[in-house]
Amino acid sequence: MPMPALRRNRFERRRAETRQALVRAARQILAESGGVGVSVHAIAERADVGLGSFYNHFTGKPDLFDVAVADALEEYAQAVDERLRGVDDPAERLAGGVRLSVRMAESYPEIMEMLCRSQLGRICAGDGLAPRAKRDVEEGMAAGRFTVVDPVIALTVLNGSLLALLELWCNQPEADSDQAAGTMAAMILHMLGLSPEEARELARRPLPAAA
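Residue numbering for the sequence shown follows the working numbering, beginning at 4 and increasing consecutively.
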């Protein structure tokens, strides 16, 4: 006999809440320790769910940790997107994304601790900032703003530059990462085909204010 709609909706809501509680717990653990040595039991306890509930949603810790990182990166990228809403020029948007990525690191310390403790390179995976960077490069090429011949190489350089900036933030918090991000953004835009003068101007342009 089919489950009544009201009961089914309640079940699905509770199931989603349990899954999100596990993801939140995993994010906390990754930020604190990188997940080294933590047990599934400890994760379930942190999430305040039964051990059996864990396996209703995830096959094991690696599966959960991958979802937790993807969840954090999407939150991070959406925050950058929100700040750049209304910026139509892909060159300005790309420069703003590089600069905001460093500034956002200070606003989202849990996410940065997660990435620094687990694997910073995950920020260039399929979730979060990487697809946004790919979009900006492709739109810039289509609009004639960028003259780079190989978008794969361009994205590789862009991703490597962003990783270097975030690693600087993780390992040398006293460094002027904001200035470094502006310099890096100008270098990237010049590499993509903008003149040095325009690249510097875009990289120094005031960033959109937070809503």
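Think of the CB as a built atom: it goes at the ideal place given N, C-alpha and C, for glycine as much as any other residue. Owing to the predicted nature of the structure, the values given are computational and were not obtained by experimental measurement.
- Two segments are said to touch when three or more pairs of C-beta atoms, one from each, lie closer than 8 Å; by this definition the region 100-108 touches the region 164-172.
- DSSP places Tyr111 in no alpha helix (DSSP H); its state is neither H nor E.
- Contact annotation: Leu171 and Met117 have beta-carbon atoms that are not nearer than 7 Å.
- Annotation for Asp181: the continuous alpha helix (DSSP H) segment containing it runs 180-195.
- Per DSSP, the continuous alpha helix (DSSP H) segment holding Ala75 begins and ends at 64-86.
- For Gly163, the uninterrupted alpha helix (DSSP H) segment begins and ends at 154-174.
- For Pro199, the secondary structure class from DSSP, reduced to helix, strand or coil, is helix.
- Taking all protein chains shown into account, Thr159 has fewer than 16 neighbouring C-beta atoms within 10 Å of its C-beta and is therefore exposed.
- Taking all protein chains shown into account, Arg22 has 16 or more neighbouring C-beta atoms within 10 Å of its C-beta and is therefore buried.
- Assigned with DSSP and collapsed to three states, Ala212 falls in coil, not helix or strand.
- Put simply, of Gln182, Phe61, Asp139, Asn12 the residue whose alpha carbon is nearest the alpha carbon of Leu195 is Asp139.
- CA-to-CA, the gap between Phe61 and Gln81 works out to about 25 Å.
- Secondary structure at Asp139: helix, using DSSP grouped into helix, strand and coil.
- In this structure, Gly38 sits near Phe68, with a CB-CB distance shorter than 7 Å.
- For Ser56, the enclosing alpha helix (DSSP H) starts and ends at 54-60.
- DSSP places Val43 inside the alpha helix (DSSP H), whose first and last residues are 43-50.
- With a cutoff of 7 Å on beta-carbon distance, Ala94 and Leu192 are scored as near each other.
- When Phe14, Met144, Arg16, Val43 are compared, the shortest CA-CA separation from Leu25 is found for Val43.
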